Each structure stands twice: as C-alpha cells, then as structure tokens.
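All remarks here apply to the structure that follows.
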Amino acid sequence: GTLYFFTCYILTALLFPMRSRRIFSSVTPDLPLSLSSFTVCLWAKPVSVSNRTVLFSYGTKRNPYEIQLLLSGTRALFTVGGEAHLVEARGVVKGGGVWTHLCGAWSSEQGIASLWADGHRVAFTPGVAEGHMLPDGGSLQLGQMPGFEGGFDAKLAFAGKMTGVNMWDRVLTEEEISQLALQDGEGPAVQNSPTGYDCNNNVNMNNNSSSL
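Read in order, the letters of the sequence shown are residues -20 to -1, 1 to 192 in mature numbering (1 follows the signal peptide of the UniProt record, and there is no 0).
Structure follows, in structure tokens:
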C-alpha cells in the first residue's frame, strides 16, 4: 500500500483493501494516553470478518492488549487491560458493505465497560480492569494489533473501510453516542475530543464525499 502522512480529519475514510500484516494505520496521540476512563468510537464497513478481526488496539511493550475493539463473525468484542476482561455483543456486525457504528466505553472507578452498536448499548459488564490506569507511551493501531514479540498477524487484520475514529478521556453519555451514530459514516458530531491524532498509514485514503 501507499504510505501516507496526514492528520486524521473526520472526513477521511481509510481503505484496508485486504487482510495483510503490512496494511494498518499507526496513530500517535497528541496528548498522553494515561487515562482512568475513555470512550473510543468509529465507523466500520468490513468486507469480510474472520474469527478475530482487529478494528482498534492500544498497547505497550509490557501489555500489547490494553485496549482491543474486535470483530468476530457478527460479534463485537471489547477488552481493557488484557484479554481476560471481555465485553461481548452478538449479532451487531452487518455484512454486505453496510456501515456499522461501534463504541467502547470504560471507567476505572467501578470497572464498568460497555459496548455500543449503532447508537444502542448492546453489552455491559462491571468489574472490568477496576482500578486500572491506562498507561502512556504505547502504540495505537487501526486495523491491526502487535503481539508480545512486536510483529503483526495477517489473520487479525481488518479488510474494508473505516472512518470517524475518535477517542475521549471520559465515558460519553447515551445521548452523545446516539448522536454520533446518526452520522452514517460522516464522522462525529460530539465536539471537543481531547485526543488529536497524527497518523502514519500503510492504507489507502478516501474522502467521504466521494465513494464509500
């Protein structure tokens, strides 16, 4: 794929043409990711979904699996602090080239983690990484996830289109997430996202105003 350097604006759609260990987007947050709560949201239009397909991941060398937002068939999976802390929702991922809006939200205070699909909360689990602090200095990837040895696995790779990726340092309200899901792949309506991104992409870039 072509290598792009750009700031992630909400009108940018990332095209992952095939599952490959070489096709992914590395994101460098403008602010430190030392967080006790967060919400991450994105739009995804998968071409195909394997048993384990990565949308969004954040990890450090010590723990590559700090945040994972994954697809598995028609299921969405969300983990914080490690794979033992899992939130799962079945039957939420659409096929046939349809956009799906997904959010994962988590708070350290009570370890409450929730999954949202198309503006509706579809899974909720307490006691997920309770008291945990998300460490700074990690690597944030779209469409892939490094393991403990640092490499990528083509079996985990995302194929399709992705846009509207945003992260907040708080748990968004139900109303805010519902508003985000009304945009139909056009990007977020909630303003003041505290985390800006610079992206180093090994993916193709499309504009939402053209062909999605």
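We put the CB at the ideal spot given by N, CA and C, even for glycine.
Note that the structure is a prediction, hence the values are computed from the model and not measured.
Residue i vs residue j beta-carbon contact at 9 Å
i, j, result
"residue 114", "residue 16", "yes"
"residue 20", "residue 49", "yes"
"residue 97", "residue 73", "yes"
"residue 146", "residue 51", "no"
"residue 149", "residue 58", "no"
"residue 46", "residue 71", "no"
"residue 83", "residue 152", "yes"
"residue 117", "residue 90", "no"
Residue i, enclosing alpha helix (DSSP H) - first and last residue
i, result
"residue 159", "154 to 160"
Cβ distance (whole Å) where residue i is taken to contact residue j below 8 Å
i, j, result
"residue 109", "residue 34", "The pair is not a contact, with the Cβ atoms about 19 Å apart (cut-off 8 Å)."
"residue 69", "residue 85", "The pair is not a contact, with the Cβ atoms about 13 Å apart (cut-off 8 Å)."
"residue 24", "residue 140", "6 Å"
"residue 160", "residue 142", "The Cβ separation is near 14 Å, so there is no contact."
"residue 88", "residue 111", "6 Å"
"residue 53", "residue 27", "Contact doesn't hold; Cβ gap of about 14 Å is too wide."
Cβ-heavy atom distance, residue i to the ligand MN, below 8 Å
i, result
"residue 144", "Among the ligands in the structure shown, none appear at all, so the ligand MN cannot be discussed."
Limits of the unbroken beta strand (DSSP E) element including residue i
i, result
"residue 147", "139 to 148"
"residue 109", "Segment: none, residue 109 is in no beta strand (DSSP E) and carries neither H nor E."
"residue 94", "92 to 97"
DSSP bridge partner residues for residue i (one or two, in chain order)
i, result
"residue 19", "85 and 148"
"residue 59", "48 and 66"
"residue 42", "Answer is none; residue 42 lacks a bridge partner."
"residue 28", "139"
"residue 80", "24"
**Prompt:** With a cut-off of 8 Å, do at least 3 Cβ pairs link the region 37 to 46 to the region 77 to 88?
**Reply:** Here the region 37 to 46 does not lie against the region 77 to 88, with fewer than 3 beta-carbon pairs under 8 Å apart.
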